[in-house]
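Residue numbers (my numbering): -3 to 125. Every residue, glycine too, gets a C-beta built ideally from N, C-alpha and C. Remember, predicted model here, so these are calculated numbers, not experimental data.
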Ligand code: SF4
Ligand code: SF4
């Protein structure tokens, strides 16, 4: 049975573009481990809300809440709406990428979600599959 990685909606995008840049070494180690287990099929994704398995390693999470929750929740809402992701939906990484390719990565949808993020200079310059 596969392990389950809990992700808030916009983190499915962050993981797709993760290139080793992050908030701290602990955060980066967590991201790399999650990315590895998903890409090799050891784990599957379950959509959740609020802080998730990525946030657990983030210095911007305080007492179970993101210090940038307003912005993070906005990204979640947009990602969930555009990609039709619902709480507890479960995907293999490959199926999730296929879903994103047909939704977020058509037209200018990705740009409308998180163009104002700190890391946009990375993700939005390599957005095409
Ligand atoms: S720009 Fe920010 S929110 Fe958007 S995918 Fe990259 S890290 Fe995630
Ligand atoms: S910035 Fe907020 S949403 Fe992003 S990983 Fe850190 S705690 Fe989670």
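Task: Cut-off 6 Å between Cβ atoms - residues of its own chain near residue 131, not counting five sequence neighbours on either side - done: Only positions -3 to 125 of the chain appear in the structure, and residue 131 is not among them; the question remains open.
- [ ] Note down the Cα distance separating residue 57 from residue 65, rounded to an integer number of angstroms.
- [x] 9 Å
TODO: Return the residue from the list 38, 72, 35, 121 that minimises the CA-CA distance to residue 48.
DONE: 72
- [ ] Give every residue of the same chain whose Cβ lies closer than 6 Å to the Cβ of residue 74, excluding the five residues on either side of it in the sequence, and list them in chain order.
- [x] 109
Open item on the list: Pull the bridge partners of residue 86 from the DSSP assignment, please.
Closed with: 42
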